[in-house]
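Heads up, the sequence shown is in my numbering, so the first residue is 2 and it goes up one at a time.
In what follows, a structure is listed as structure tokens, so that the remarks can point back to it.
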Amino acid sequence: MNGDRGAKQPSQPRLLESLKTLGATAIAAVETRLRLLSTELEEERYALVRLVFWGALFLFALFLGLVLLAMFLVVAFWETQRLAVLGLLTGLSLGAAAVIGLGLRAWLRSRPLPFHATLEELAKDRERLSRRP
């Protein structure tokens, strides 16, 4: 019976070493995913600031265009020189709003989903863990 105990004891240090290695690998994987998530959060913050800035600029140009359009309609029956100037300013403002709005829409459609890279890495991790050797 002493021989049996002696045979089991050398496997315990290898088992503990394997568990430590597994734990270290798991911690490293979690750390990598958290760093990736942190980077993506920073990118999302930048994207949100950009969205707010361009959205505000779009709204400003749109409202300025609408005010000028209203003034244009009021003055439409007044003198001809004022009509040309107001028409030009109205067209420029509404044109700017259209260009900014289309650019904003294209940017929103083209950007990736939030946390796209983190989700891809987690899917790869799940796939690797589900494979059987």
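Beta carbons are placed, not taken as given, at the ideal position from N, Cα and C, and that holds for glycine.
Please read all numbers here as calculations on a predicted model, not as lab measurements.
The C-beta separation of Ala97 from Ala62 comes to about 4 angstroms, placing the pair in contact by the 8 angstroms criterion. In the DSSP annotation of this structure, the continuous segment of the alpha helix (DSSP H) that includes Glu121 starts and ends at His117 to Ser131. His117 and Arg51 have their alpha carbons spaced roughly 19 angstroms apart. Residue burial is scored here from C-beta neighbours: Ser94 has at least 16 other C-beta atoms within 10 angstroms and is therefore classed as buried. About 5 angstroms separates the beta carbon of Pro115 from that of Glu45, a gap short enough to meet the 8 angstroms contact definition.
Distance from Phe59 to Gly102 at the Cβ level is roughly 5 angstroms; contact confirmed, criterion being Cβ atoms closer than 8 angstroms. Counting only residues of its own chain and dropping the five nearest sequence neighbours on each side, Gly88 has a CB closer than 8 angstroms to the CB of Phe73. In chain order, Pro115, Phe116, His117, Ala118 and Thr119 place their CB closer than 8 angstroms to the CB of Glu41, counting only its own chain and leaving out the 5 sequence neighbours on each side.
Assigned with DSSP and collapsed to three states, Glu80 falls in coil, not helix or strand. Considering only Leu105, Asp126, Arg129 and Ala124, the residue with the shortest C-alpha distance to Gly56 is Leu105.
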